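Q: Sharing a structure below in structure tokens format, with a few things to ask.
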Amino acid sequence: MAIFKHLRVSGSVSARGDGKLPAGDPDPPPAADTAHGPPVTGEPGSTKAWTWRGDFGASLVVVLIAVPLSLGIAVASGAPLVAGLISAVVGGIVGGLIGGSAVQVSGPAAGLTVIVAGLVQSYGWATTCAIVAAAGVVQLLLGLFRVARAALAVSPAVIHGMLAGVGVVIALSQLHIVLGGTPQSSALDNLRELPEQLARNHNHAVAVGLLTLVVLIAWPRLSRHVRVVPAPLAAIAAGTGIAVAFGWDITRVDLPDDPIGALVTPQWPDAGWSSIAGAVVAVALVASVESLLCAVAVDRLHDGTRVNLDRELTGQGAANLTAGLLGGLPIAGVIVRSTANAKAGARSRRSTVMHGVWVLVLALAAAPAIELIPLSALAALLVVIGIQMVNLAHMRGVHRHGELPVYLLTMAGVVALGLFEGVLIGLGCALLLTIRRLARISVKVTPQLDAPVQVTVDGSLTFLSVPALTRALTAVPAKAVVELSLNIDFMDHAGVTSIDDWRTGYERAGGTVRIDEVREQWFAPGRSGLPRPVRRTPPVRDRAAWHPLAATLSGRRQLEEGTEEYQSKVAPLVRPLLSELAHGQRPTHLFITCADSRLVPNMITSSGPGDLFTVRNVGNLVPRHDEADPNDSTIAAIEYALAVLPIKTITVCGHSACGAMDALLTPERAGNMPYLSGWLRHGSHSLDRLPSRPAGPGRLDLLGRENVLQQLDNLRTHPAVAAREAAGELELCGGYFDIAEGRLHILSPAAPVTV
Numbered sequence: 001m002a003i004f005k006h007l008r009v010s011g012s013v014s015a016r017g018d019g020k021l022p023a024g025d026p027d028p029p030p031a032a033d034t035a036h037g038p039p040v041t042g043e044p045g046s047t048k049a050w051t052w053r054g055d056f057g058a059s060l061v062v063v064l065i066a067v068p069l070s071l072g073i074a075v076a077s078g079a080p081l082v083a084g085l086i087s088a089v090v091g092g093i094v095g096g097l098i099g100g101s102a103v104q105v106s107g108p109a110a111g112l113t114v115i116v117a118g119l120v121q122s123y124g125w126a127t128t129c130a131i132v133a134a135a136g137v138v139q140l141l142l143g144l145f146r147v148a149r150a151a152l153a154v155s156p157a158v159i160h161g162m163l164a165g166v167g168v169v170i171a172l173s174q175l176h177i178v179l180g181g182t183p184q185s186s187a188l189d190n191l192r193e194l195p196e197q198l199a200r201n202h203n204h205a206v207a208v209g210l211l212t213l214v215v216l217i218a219w220p221r222l223s224r225h226v227r228v229v230p231a232p233l234a235a236i237a238a239g240t241g242i243a244v245a246f247g248w249d250i251t252r253v254d255l256p257d258d259p260i261g262a263l264v265t266p267q268w269p270d271a272g273w274s275s276i277a278g279a280v281v282a283v284a285l286v287a288s289v290e291s292l293l294c295a296v297a298v299d300r301l302h303d304g305t306r307v308n309l310d311r312e313l314t315g316q317g318a319a320n321l322t323a324g325l326l327g328g329l330p331i332a333g334v335i336v337r338s339t340a341n342a343k344a345g346a347r348s349r350r351s352t353v354m355h356g357v358w359v360l361v362l363a364l365a366a367a368p369a370i371e372l373i374p375l376s377a378l379a380a381l382l383v384v385i386g387i388q389m390v391n392l393a394h395m396r397g398v399h400r401h402g403e404l405p406v407y408l409l410t411m412a413g414v415v416a417l418g419l420f421e422g423v424l425i426g427l428g429c430a431l432l433l434t435i436r437r438l439a440r441i442s443v444k445v446t447p448q449l450d451a452p453v454q455v456t457v458d459g460s461l462t463f464l465s466v467p468a469l470t471r472a473l474t475a476v477p478a479k480a481v482v483e484l485s486l487n488i489d490f491m492d493h494a495g496v497t498s499i500d501d502w503r504t505g506y507e508r509a510g511g512t513v514r515i516d517e518v519r520e521q522w523f524a525p526g527r528s529g530l531p532r533p534v535r536r537t538p539p540v541r542d543r544a545a546w547h548p549l550a551a552t553l554s555g556r557r558q559l560e561e562g563t564e565e566y567q568s569k570v571a572p573l574v575r576p577l578l579s580e581l582a583h584g585q586r587p588t589h590l591f592i593t594c595a596d597s598r599l600v601p602n603m604i605t606s607s608g609p610g611d612l613f614t615v616r617n618v619g620n621l622v623p624r625h626d627e628a629d630p631n632d633s634t635i636a637a638i639e640y641a642l643a644v645l646p647i648k649t650i651t652v653c654g655h656s657a658c659g660a661m662d663a664l665l666t667p668e669r670a671g672n673m674p675y676l677s678g679w680l681r682h683g684s685h686s687l688d689r690l691p692s693r694p695a696g697p698g699r700l701d702l703l704g705r706e707n708v709l710q711q712l713d714n715l716r717t718h719p720a721v722a723a724r725e726a727a728g729e730l731e732l733c734g735g736y737f738d739i740a741e742g743r744l745h746i747l748s749p750a751a752p753v754t755v
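1 is the number of the first residue of the sequence shown in UniProt numbering; add one for each residue after it.
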């Protein structure tokens, strides 16, 4: 129940967040300019709260994760090891400077490993670099044409299933290296060879790989002081340390002596342009979708500027173009590095750029230390990364939306057949599920004694669902009065025709059909040939009931029409709640307000049955304890609420243009109404609160506000109220509803008075 019981300051109720910042953030982040892209946090004009210290510390954390991951992905891709470092540098510097995300970190991504490995085997490394550069150009064009959000239209179940399948492929292939063997050409071959690989004798490389696995698995379970060191760095350091300590002769990282001279020049193939074009599109689309999904996910981890997806796609394109020209792996946003960056305190893209600089420094200055890393340790790291790509949280999410088959079939297709085949299978499954949902419709026929037969149709009424509809309508009793409620979000020509034909046949057989379109008018415009549905928000009859000038019904007829509409539309929705409340009410809020017809307490407080114990009278007045009549219903209601109900809050709510307040200002208007004049004497103290000044157009509303505060004082004159408030068991609130604005204001309560 969205009521204002805990608000204590003057203001208005509005639907917005609290705007609070995390602890340690003294100033709010700069506002995002969604039209031209978000401002770069930390640049001139941005808030001073985002200091260099957080970005600098986060960049050091990310680089410790990025170096081993980049090397491992290069190994799994069959690319030169230096290619992984090149892409880490380019992804950090170029992607960070041009991209549209404040904290996303780009670099070589595990999700592209299967594609790159296939390209290297088919075309060689130089051609693969050319494909990466061309994919960057495609991404640049997509970003410039502002189509980034279109990539998010692909079902997340397909994307996550694809990444899970890639993770399984990576884990199976790299597990062979950990066990001292050689990976096979396909995931199924790797799976078949695994038992034999486990049974073979192993060498020192196996010990290094297993130690790395153990550290990676156990690291998250250690104390938080130890976990300051990233798990990948700790695992690689442990594997490298034991290999160096015992002097084991195992295969290690081999970097070129001259990194600059080792840069590969992209080479375009002489033939096979169609397959090359397909590879370019594949790299561009997979890298783009993975980067955009990562950017959206990382946006939830920080309070800085929001991501500009088109600018982020442009930055990814520039990074891939640069990486391809320099001989690097394809680049995408990486969730592991981006999450670490955000959690380490990054507030702007400076962290991403600095991480790229640190990778470059390490590659040039610490190459001998990097070359001590055993390849089996990097393979163990990739095994864990591959397993983590089969994300249980994603599986639970798609399962809740009924799309787990899409996820599982995509994953199985990628593992068994290949990346493209798996994605096509997933897209096909998603399409079939969508068609199935369009064909699904709910038709409920409820015969009633001495009342019309209720037929309710929910869902989308297309040609796919017409058979189910016609089958259900055959259960309608013959020659009866039928109320057909269409709660339809879409209806095509087949749906319109099927209902029209059934109604015509039913009425010719002696029955009567009344059709009510609850949500939007699809049937009536469809019969008359109108091209678009008529949206009903709210329905015409509801507007007539709310607005007296538009009313076409009155008296008993209006009551009957409204009751029928309630029974058909509202009662089925609230019946479960009302059945729970049938044994007694337990409201915690007493709401005292005016009897004015324009003020609807449950509507303006977004509350429902059982939430408010409401007292309404002329002028929302509360008689003082020493002036109360023993027969007064308002005092009786207050007494009952405090003695029987678990009331924690009492609200007095007035409103603008109040007739009772007008009668207080001009008593002659109530001169011929003795009962009203006698009741309004309880508002005399409110008149005393008005400042002595000439009457004006705002004097009536000022009296209405002062009257609310005075009635809070009147409440405190009652011993039961005063005692409960003094004990902290009861809270008094004041509200004022501005009818013209449709806005509820919270008034500061008057200071407690001595009883």
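For glycine and all other residues, C-beta sits at the position ideal for the given N, C-alpha and C.
Treat the numbers as computed from the prediction; the structure is a model and nothing was measured.
Measure how close the beta-carbons of Phe490 and Ser460 come, nearest whole angstrom, since I'm counting them as under 8 Å.
A: In the sequence shown, the residue the question calls residue 490 occupies position 490. In the sequence shown, the residue the question calls residue 460 occupies position 460. With 8 Å as the limit, Phe490 and Ser460 qualify as a contact, their Cβ atoms being about 5 Å apart.
Q: Determine the contact status of residue 769 and Ile385, defining contact as a CB-CB distance below 8 Å.
A: Look at the range of the chain in this structure, 1 to 755, and you will see that residue 769 is not part of it.
Q: Compute the distance between the beta-carbons of Gly92 and Gly356, then report whether it is under 8 Å.
A: Locating residue 92 in the sequence shown gives position 92, counting from the first residue. Locating residue 356 in the sequence shown gives position 356, counting from the first residue. In this structure, Gly356 lies closer than 8 Å to Gly92 by Cβ.
Q: Could you check if Ser376 is buried or exposed, using at least 16 other CB atoms within 10 Å of its CB as the buried criterion?
A: Position 376 of the sequence shown, counting from 1, holds the residue named residue 376. Label assigned to Ser376: buried.
Q: Please classify Trp679 as buried or exposed, where buried requires at least 16 neighbouring CB atoms within 10 angstroms.
A: As a working mapping, residue 679 is identified with position 679 in the sequence shown. Buried, by the Cβ-count rule.
Q: Sort out for me which residues DSSP pairs Thr733 with in a bridge.
A: Your numbering for residue 733 matches position 733 in the sequence shown. The question names Thr, yet the displayed sequence has Cys at residue 733. In the DSSP output, where bridge partners are listed per residue, Cys733 has Thr651.
Q: Going along the chain, which residues of its own chain have a beta-carbon closer than 8 Å to the beta-carbon of Leu97, five neighbours each way excluded?
A: Working through the sequence shown from its first residue, we reach residue 97 at position 97. Here the set comprises Gly315, Arg349 and Val353.
Q: Sorted by chain position, which residues of the same chain lie with C-beta nearer than 7 Å to Gly84's C-beta, five sequence neighbours on each side aside?
A: For the purposes of this step, residue 84 is taken as the residue at position 84 of the sequence shown. These residues qualify, in order along the chain: Ser70, Leu71, Ile73, Ala74, Pro108 and Leu329.
Q: Just list the residues that DSSP pairs Lys444 with in beta bridges.
A: As a working mapping, residue 444 is identified with position 444 in the sequence shown. Note: Lys444 sits in a beta bridge opposite Thr456.
Q: Please classify Pro183 as buried or exposed, where buried requires at least 16 other C-beta atoms within 10 Å of its C-beta.
A: Here residue 183 refers to the residue found at position 183 when the sequence shown is read from its first residue. When all chains shown are included, Pro183 counts as buried.
Q: Which first and last residues belong to the beta strand (DSSP E) in which Ala332 is found?
A: As a first step, residue 332 is located in the sequence shown; it is residue number 332 there, counting from the start. Counting along the chain, the beta strand (DSSP E) containing Ala332 begins and ends at Ile331 to Gly333.
Q: I need the DSSP call for Arg252, collapsed to helix, strand or coil.
A: Within the sequence shown, residue 252 is the residue found at index 252, counting from 1. Of the three classes helix, strand and coil, the one that applies to Arg252 here is strand, per DSSP.
Q: With a CB to CB cut of under 8 Å and the five nearest residues on each side skipped, what residues in its chain are close to Ile217?
A: By one-based count along the sequence shown, residue 217 stands at place 217. Result list for Ile217: Val384, in chain order.
Q: Using alpha carbons as the reference points, say which of Ala282, Arg300 and Arg227 lies closest to Ala133.
A: Indexing the sequence shown from 1 puts residue 133 at position 133. The candidate whose alpha carbon is nearest that of Ala133 is Ala282.
Q: Output the distance between the C-alpha atoms of Val398 and Leu188, rounded to the nearest integer angstrom.
A: As a first step, residue 398 must be located in the sequence shown, where it is residue number 398. As a first step, residue 188 must be located in the sequence shown, where it is residue number 188. Going from the Cα of Val398 to the Cα of Leu188 covers about 26 Å.
Q: Return the CA-CA distance between Leu233 and Val62, expressed in angstroms with no decimal places.
A: Within the sequence shown, numbered from 1, the residue matching residue 233 stands at position 233. Within the sequence shown, numbered from 1, the residue matching residue 62 stands at position 62. Cα to Cα, the separation comes out at about 10 Å.
Q: How is Gly511 classed by DSSP in three states: helix, strand or coil?
A: As a working note, residue 511 is residue 511 in the sequence shown. Of the three classes helix, strand and coil, the one that applies to Gly511 here is coil, per DSSP.
Q: Assuming contact is defined by CB atoms lying nearer than 8 Å, are Leu179 and Val206 in contact in what I supplied?
A: The residue you call residue 179 lines up with position 179 of the sequence shown. The residue you call residue 206 lines up with position 206 of the sequence shown. In this structure, Val206 lies closer than 8 Å to Leu179 by Cβ.
Q: Could you pull out every residue in the same chain whose Cβ sits closer than 7 Å to the Cβ of His583, ignoring the five residues on either side in sequence?
A: Taking the sequence shown and counting its residues from 1, the one referred to as residue 583 is at position 583. No residues qualify anywhere along the chain.
Q: Measuring CB to CB, does Thr456 end up less than 8 Å from Gly495?
A: Along the sequence shown, one-based indexing puts residue 456 at 456. Along the sequence shown, one-based indexing puts residue 495 at 495. No; because the gap between Cβ atoms is not below 8 Å, this pair is not in contact.
Q: On the DSSP bridge list, what partners appear for Ser485?
A: Counted from its first residue, the sequence shown places residue 485 at position 485. Answer by DSSP bridge pairing, in chain order: Thr456 and Asp516.
Q: Could you give the residue range of the beta strand (DSSP E) that holds Gly247?
A: One-based indexing of the sequence shown puts residue 247 at position 247. It is not in any beta strand (DSSP E) - Gly247 carries neither H nor E in the DSSP assignment.
Q: Near Ala720, what residues of its chain come up, given a Cβ to Cβ distance below 6 Å and the 5 sequence neighbours on each side ignored?
A: As a working note, residue 720 is residue 720 in the sequence shown. Closer than 6 Å at Cβ, skipping near neighbours: Leu642.
Q: Classify Phe591: buried if its beta carbon has 16 or more other beta carbons within 10 angstroms, exposed otherwise.
A: Taking the sequence shown and counting its residues from 1, one reaches residue 591 at position 591. Flag for Phe591 reads buried.
Q: Name the DSSP bridge partner or partners of Cys658?
A: If you number the sequence shown from 1, residue 658 lands on position 658. Paired residues: none, contrary to the question.
Q: So, Ala238 versus Val215, is the Cβ gap smaller than 8 Å?
A: Position 238 of the sequence shown, counted from the first residue, corresponds to residue 238. Position 215 of the sequence shown, counted from the first residue, corresponds to residue 215. Going by C-beta atoms, Ala238 is nearer than 8 Å to Val215.
Q: Among the candidates Val105, Leu559 and Asp501, whose CA atom is the shortest distance from the CA of Ala509?
A: If you number the sequence shown from 1, residue 509 lands on position 509. Minimum Cα distance to Ala509 is reached at Asp501.
Q: In chain order, what residues of the same chain lie with their CB nearer than 8 Å to the CB of Cys294, ignoring the 5 residues before and after it?
A: Within the sequence shown, numbered from 1, the residue matching residue 294 stands at position 294. Cβ neighbours of Cys294 beyond the five flanking positions: Gln104, Ala332, Gly333, Val334, Ile335 and Ser338.
Q: So, at 7 Å on beta carbons, what are the nonlocal neighbours of Gly742 in its own chain, with the 5 sequence-adjacent residues on each side left out?
A: Here residue 742 refers to the residue found at position 742 when the sequence shown is read from its first residue. Excluding residues within five positions, none has a Cβ falling inside 7 Å.
Q: State the Cα-Cα distance for the pair Asn672 and Ala660, rounded to the nearest angstrom.
A: In the sequence shown, counting from the first residue as 1, residue 672 sits at position 672. In the sequence shown, counting from the first residue as 1, residue 660 sits at position 660. Straight-line Cα distance between these residues: approximately 14 Å.
Q: What are the start and end residues of the beta strand (DSSP E) that includes Pro195?
A: Counting from one through the sequence shown, the residue named residue 195 turns up at place 195. First-last for Pro195: Ala187 to Ala199, but that is the alpha helix (DSSP H), not the beta strand (DSSP E).
Q: Is the separation between the beta-carbon of Arg311 and that of Gly143 shorter than 8 Å?
A: Within the sequence shown, residue 311 is the residue found at index 311, counting from 1. Within the sequence shown, residue 143 is the residue found at index 143, counting from 1. Yes, they are a contact pair.
Q: Quick one: what's residue 832 bridged to in DSSP?
A: Residue 832 is absent from the model: the chain starts at 1 and stops at 755.
Q: Quick one: complete alpha helix (DSSP H) runs, 4+ long, within the segment 100–178?
A: Complete alpha helix (DSSP H) runs here, min 4: 113–123, 125–144, 148–151 and 156–178.
Q: Compare the beta carbon distance of Gly165 and Val414 with 8 Å and say whether it is the shorter of the two.
A: Looking up residue 165 in the sequence shown gives position 165. Looking up residue 414 in the sequence shown gives position 414. Their beta carbons are under 8 Å apart, which means Gly165 touches Val414 by this criterion.
Q: Taking the alpha-carbon positions, what's the Ala637 to Ala595 distance?
A: Taking the first residue of the sequence shown as position 1, residue 637 is located at position 637. Taking the first residue of the sequence shown as position 1, residue 595 is located at position 595. Distance between the alpha carbons of Ala637 and Ala595: 15 Å.
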